Amino acid sequence: TYTTFILVGKVSVPQIHHVPDTWKVKIQINDITDNVSFYESDWNALSINQKVNCTYENGRIWDSLYITNVSW
């Protein structure tokens, strides 16, 4: 979390901003990997060794992987 102040008239009003925690998962398809970020609620819904469905694209120039969607 962090706080910013906005001047309203002659008074500074604090605004508290919350940035949720994220977790990253490395997904490997053959020898190519990409990272996917999850919020806490999604992370807690996953189990170890659980299979997930991924939609991905291969890189055009480099031998790379781009995960476009993850579902379970």
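For the sequence shown, the working numbering gives the first residue as 19, with consecutive numbering after it. Cβ atoms here follow ideal geometry from the backbone N, Cα and C, with glycine treated the same way. Given the structure is predicted, the values throughout are model-derived calculations rather than measurements.
For the ligand GTP, is there any heavy atom lying closer than 7 angstroms to the beta carbon of V31?
The ligand GTP is not part of the structure shown, which contains no ligands of any sort.
Distance, Cα to Cα, K42 vs V88?
Answer to the nearest angstrom: the Cα atoms are 12 angstroms apart.
So, are the CB atoms of T73 and F56 less than 8 angstroms apart?
The Cβ atoms of T73 and F56 lie no closer than 8 angstroms to each other.
Count the other CB atoms within 10 Å of the CB of L25; is the residue buried (16 or more) or exposed (fewer)?
Exposed is the call here.
Please state the DSSP three-state secondary structure of W41.
Note: W41 maps to strand in three-state DSSP.
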